[in-house]
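First up is the structure itself, then whatever we jot down about it.
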Amino acid sequence: MNSWQLIFLQSKVNNGAYYGDQLPPQIWDWPEETWFQKRLSDLRRSTGKLDEALTDEELQQVTCEGDVG
252 MNSWQLIFLQ SKVNNGAYYG DQLPPQIWDW PEETWFQKRL SDLRRSTGKL
302 DEALTDEELQ QVTCEGDVG
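Just so we're aligned: the sequence shown equals residues 252 to 320 in my numbering.
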């Protein structure tokens, strides 16, 4: 029996032992002020597209122009 079969056999749906409901809740938030979020904001600001997604071509053009070294 492979590992996936064991996982499904032990799942809650198949009346297997399941203790997930007894785990304490995890309270978390999405990370803020990450490097990626700052970089995306800079790219959007430099292209003037604050409310629109950058196309792949625009993103490639901006990131190549901004490369150092």
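Just so it is clear, CB atoms sit at the ideal spot from N, CA and C, and this is done for glycine as well.
Please read all numbers here as calculations on a predicted model, not as lab measurements.
- Fully enclosed alpha helix (DSSP H) runs of no fewer than 4 residues occupy 286 to 298 of the stretch 275 to 314, in order along the chain.
- In the three-state scheme derived from DSSP, where H, G and I count as helix and E and B as strand, Gln-273 is classed as helix.
- Per DSSP, Gln-256 is one residue of the alpha helix (DSSP H) stretching across 254 to 260.
- It is roughly 13 Å from the alpha-carbon of Thr-306 to the alpha-carbon of Leu-291.
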